[in-house]
Amino acid sequence: MLNIFHKTFKLALIFSVVITSWTSIVLLSNTTFNLEIKELITKMYFNQKNFISNIKDLSLLLVKDANERFSENNKGAIRLNNGKENINKLDP
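Structure (structure tokens):
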């Protein structure tokens with residue numbers, strides 16, 4: 012299992028290095044696609060920022076949902092306990 016993870020990580024690292032190097036060479040050589048490449052890199056950066064922001068928002072919603080569920084469970088448990096106490100008071 013560790014070997015598969017190691018190979019996948021190595022492949023991702025090599026791919027990243029190749030793409031980064033290739034992009035750097037193209038940007039430094041002032042080709043006709045320079046503007047398009049820069050726009051695409053900018054879009055990638057903003058998508059990355061949005062992704063992180065969306066993870067934060069999702070985490071907050073999940074915490075709110077968990078708090079609401081726990082409070083509902085506690086209310087149900089309190090009602091159940093109060094009902095048992097009332098039954099015990101009625102039985103002599």
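Each residue of the sequence shown is one higher than the one before, starting from 12 at the first, in the working numbering.
Here a beta-carbon is modelled for each residue, glycine too, at the ideal position from N, C-alpha and C.
Bear in mind that the values here come from a model prediction, so they are computed numbers and not experimental data.
Cut-off 8 Å between Cβ atoms - residues of its own chain near residue i, not counting five sequence neighbours on either side
{"i": "L38", "result": "N45, I48 and K49"}
Cβ neighbours of residue i in the same chain (closer than 6 Å, five flanking residues each side left out)
{"i": "F57", "result": "none"}
Close-in-space but distant-in-sequence residues of the same chain around residue i (CB under 7 Å, 5 per side omitted)
{"i": "N14", "result": "none"}
Complete beta strand (DSSP E) runs within the region 30 to 71 (minimum length 3 residues, chain order): Under the rule that a run must span 3 or more residues, no beta strand (DSSP E) segment is found entirely inside the region 30 to 71.
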